[in-house]
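Visitor:
Numbering (my numbering), first residue to last: 23 to 400.
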């Protein structure tokens with residue numbers, strides 16, 4: 023089951039830092055661009071500060087990306103070294119002083135916000151975001167002429183130009199090419215008007231785009247979930263080279279023998295057979311194990327699948343160990359990871375829960391103790 027700790031906690035996430043570095047190196051070599059790792063949402067549930075430390079010191083990264091100003095300030099306060107911090111998911115004009123004070127890079131996503139900078143005597147480095155078709159944050163193409171006139175009046179040129187891709191992981195969709203065509207056009211317009219710094223970061227490629235070789239004319243890429251060893255599309259061939267860096271484990275609290283007609287848990291949602299043995303496992307939805315996986319998924323015990331029985335509750339879930347050899351109280355349970363020849367992935371839990379692995383990993387709560395280690399990544 024990987025690196026087994028005699029842990030005193032009820033549940034742990036073991037995080038392999040060597041695998042993290044291996045994924046970073048693989049992504050960097052595949053695209054040959056600057057890699058700006060995305061460490062938002064607590065590094066997708068893996069722990070923002072410990073992950074950032076490895077990416078900066080061992081991964082030799084010169085920039086990190088987060089979603090919020092609060093995340094950015096936390097990062098800046100943790101490290102006594104120079105590196106860029108991009109704040110991707112929203113900028114408000116009243117925050118500009120904080121961006122300047124902490125030397126953070128806002129990604130400006132609206133024309134009014136861009137115009138609000140005209141009245142500032144001091145500005146942080148600024149990136150501009152184009153809405154190339156996702157219809158979330160970003161300046162629309164028809165607003166770009168107005169944006170260009172505004173940029174001409176700012177004291178400094180743009181430090182970067184960005185967009186975000188809607189379905190880059192979908193190999194059957196051509197929409198990525200439509201988005202990139204729009205983005206490249208406006209990038210050329212900014213360059214022709216000398217509104218970009220000579221070393222400006224041009225970035226749009228998320229994990230899906232990197233894995234599909236769609237980084238093209240960019241100078242930097244912004245992978246997120248790939249760093250943590252997960253592909254956004256399980257059928258992407260390039261994603262098979264990634265190494266999942268997290269294993270989630272817990273223990274068996276109790277084992278009960280049931281009789282025909284006994285029911286398990288809230289709502290009596292599972293009815294047992296005669297002689298069935300149920301193990302109560304020390305994890306529930308308050309830890310981040312999704313309730314939608316009730317009566318659908320399985321865990322691994324001694325390298326064997328143990329199906330989930332009944333509704334997952336806040337602190338516990340029940341699994342069928344009738345045919346699991348060696349199941350015992352205090353025995354280890356693998357929720358995500360490898361156990362013997364069997365593996366259960368974040369993608370598996372996501373499918374059982376009708377969601378995506380991003381939500382599974384980001385949903386790991388603070389009750390799940392994180393343990394960091396180095397081990398040969400295979």
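Every residue gets a Cβ at the ideal spot worked out from N, C-alpha and C, and that includes glycine.
Going by CA-CA distance only, name the one from 41, 111 and 104 that's closest to residue 63.
Guide: When each option's Cα is compared against that of residue 63, the closest is 111.
Visitor: Do you know offhand how far residue 324's Cα is from residue 366's?
Guide: Going from the Cα of residue 324 to the Cα of residue 366 covers about 13 Å.
Visitor: Does the region 267-282 come close enough to the region 292-311 that 3 or more CB-CB pairs lie under 8 Å?
Guide: As far as the Cβ criterion goes, the region 292-311 touches the region 267-282, which means the pair count is three or higher.
Visitor: Near residue 270, what residues of its chain come up, given a Cβ to Cβ distance below 6 Å and the 5 sequence neighbours on each side ignored?
Guide: Once the five neighbours on either side are set aside, the close Cβ partners of residue 270 are 35, 357 and 358.
Visitor: Who pairs with residue 128 in a beta bridge, going by DSSP?
Guide: DSSP, once it has assigned bridges, lists 109 as partnering residue 128.
Visitor: Can you tell me which of 127, 164, 159 and 171 puts its alpha carbon nearest to the alpha carbon of residue 140?
Guide: It is 171.
Visitor: Would residue 188 and residue 197 be called neighbours here (beta carbons separated by less than 8 Å)?
Guide: Yes; because the gap between Cβ atoms is below 8 Å, this pair is in contact.
Visitor: Quick one: what's got a C-beta closer than 6 Å to residue 94's C-beta in the same chain, skipping five residues either side?
Guide: Only 88, 107, 109 and 126 meet the Cβ criterion.
Visitor: Return the chain-ordered list of same chain residues with a C-beta closer than 7 Å to the C-beta of residue 387, the five sequence neighbours on each side being excluded.
Guide: The residues are 308, 309 and 310.
Visitor: Within 10 Å of its beta-carbon, does residue 51 have 16 or more other beta-carbons around it, so buried, or fewer, so exposed?
Guide: So residue 51 ends up on the exposed side.
Visitor: Taking Cβ to Cβ, would you say residue 131 is nearer than 8 Å to residue 151?
Guide: Yes, the pair counts as a contact, with Cβ atoms nearer than the cut-off.
Visitor: Would you tell me roughly how many angstroms separate the C-alpha atoms of residue 314 and residue 375, rounded to the nearest one?
Guide: When rounded, the distance between both Cα atoms is 5 Å.
Visitor: Ignore the nearest five residues each way along the sequence and tell me which others in residue 173's own chain have a CB closer than 6 Å to its CB.
Guide: Contacts found: 217.
Visitor: Buried or exposed for residue 121, please, with buried defined as at least 16 other CB atoms from any protein chain shown within 10 angstroms of its CB.
Guide: It counts as buried.
Visitor: If residue 46 and residue 77 are in contact, beta carbons under 8 Å, what's the gap, nearest whole angstrom?
Guide: 7 Å between Cβ atoms; contact.
Visitor: Evaluate residue 17 with the Cβ neighbour count: other Cβ atoms within 10 Å of its Cβ, from every protein chain shown; 16 or more gives buried, anything less gives exposed.
Guide: What is shown of the chain runs 23 to 400, which leaves residue 17 out entirely.
Visitor: From the DSSP output, in three-state form, read off residue 71 for me.
Guide: Here residue 71 sits in helix by DSSP.
Visitor: Hey, out of 96, 43, 115 and 330, whose CA is closest to residue 83's CA?
Guide: Nearest option by C-alpha distance: 43.
Visitor: Which residues in the same chain as residue 24 place their Cβ atom closer than 7 Å to its Cβ, once the five residues preceding and following it in sequence are excluded?
Guide: Caution is warranted here: a pLDDT of 49 is assigned to residue 24, below 50, making its placement in the model unreliable, and the coordinate value is therefore given only provisionally. The answer, listed in chain order, is 36, 269, 359 and 360.
Visitor: Using a 10 Å radius around the Cβ and a threshold of 16 neighbouring Cβ atoms, would you call residue 363 buried or exposed?
Guide: The residue in question, residue 363, is exposed, as its Cβ has fewer than 16 Cβ neighbours within 10 Å.
Visitor: Go ahead and label residue 30 buried or exposed: buried means 16 or more other beta carbons lie within 10 angstroms of its beta carbon, across all protein chains shown.
Guide: Residue 30 should be labelled exposed.
Visitor: Taking 6 Å as the limit between beta carbons, can you name the residues of its chain near residue 338, skipping five residues before and five after?
Guide: These residues qualify, in order along the chain: 302 and 306.
Visitor: Return the Cβ separation of residue 79 and residue 267 in integer angstroms, given the expectation that the two are a contact with Cβ distance under 8 Å.
Guide: At roughly 17 Å, the Cβ-Cβ gap does not stay under 8 Å, so residue 79 and residue 267 are not in contact.
Visitor: Could you check what DSSP says for residue 83 in three-state terms: helix, strand or coil?
Guide: Here residue 83 sits in coil by DSSP.
Visitor: Assuming the contact rule is C-beta atoms closer than 8 Å, residue 117 and residue 154 should be a hit. Round their C-beta distance to whole Å, please.
Guide: Actually they are not in contact, since the Cβ atoms of residue 117 and residue 154 sit about 25 Å apart, beyond 8 Å.
Visitor: With residue 277 and residue 351 assumed to form a contact (beta carbons below 8 Å), what rounded beta-carbon distance in angstroms separates them?
Guide: With a Cβ gap of about 6 Å, residue 277 and residue 351 count as contacting.
Visitor: So, for residue 312: in the same chain, excluding its five sequence neighbours on each side, which residues have a beta-carbon less than 6 Å away from its beta-carbon?
Guide: These residues qualify, in order along the chain: 375.
Visitor: Smallest Cα separation from residue 168: which of 32, 194, 193 and 212?
Guide: The shortest C-alpha separation from residue 168 is found at 212.
Visitor: Could you tell me if residue 250 is buried or exposed, where buried requires 16 or more neighbouring beta carbons within 10 angstroms of its beta carbon?
Guide: Under this definition residue 250 is a buried residue.
Visitor: Between which two residues does the alpha helix (DSSP H) carrying residue 262 extend?
Guide: From DSSP, residue 262 is part of no alpha helix (DSSP H); its letter is neither H nor E.
Visitor: For residue 145 and residue 86, I'd like the C-alpha separation in whole angstroms.
Guide: Going from the Cα of residue 145 to the Cα of residue 86 covers about 20 Å.
Visitor: Assign residue 288 to buried or exposed, taking buried as 16 or more other Cβ atoms, counted over all protein chains shown, within 10 Å of its Cβ.
Guide: With fewer than 16 Cβ atoms within 10 Å of its Cβ, residue 288 is classed as exposed.
Visitor: Pick helix, strand or coil for residue 249, following the three-state DSSP scheme.
Guide: The answer is helix: DSSP assigns residue 249 an H, G or I state.
Visitor: Is the beta carbon of residue 190 closer than 8 Å to that of residue 248?
Guide: Not in contact: residue 248 and residue 190 (Cβ atoms no closer than 8 Å).
Visitor: Excluding the 5 residues flanking residue 39 on each side, which residues of the same chain have their C-beta closer than 6 Å to its C-beta?
Guide: 76, 394 and 396.
Visitor: Considering only the alpha carbon of each residue, which of 55, 102, 206 and 181 lies closest to residue 163?
Guide: Out of 55, 102, 206 and 181, 206 has the C-alpha closest to the C-alpha of residue 163.
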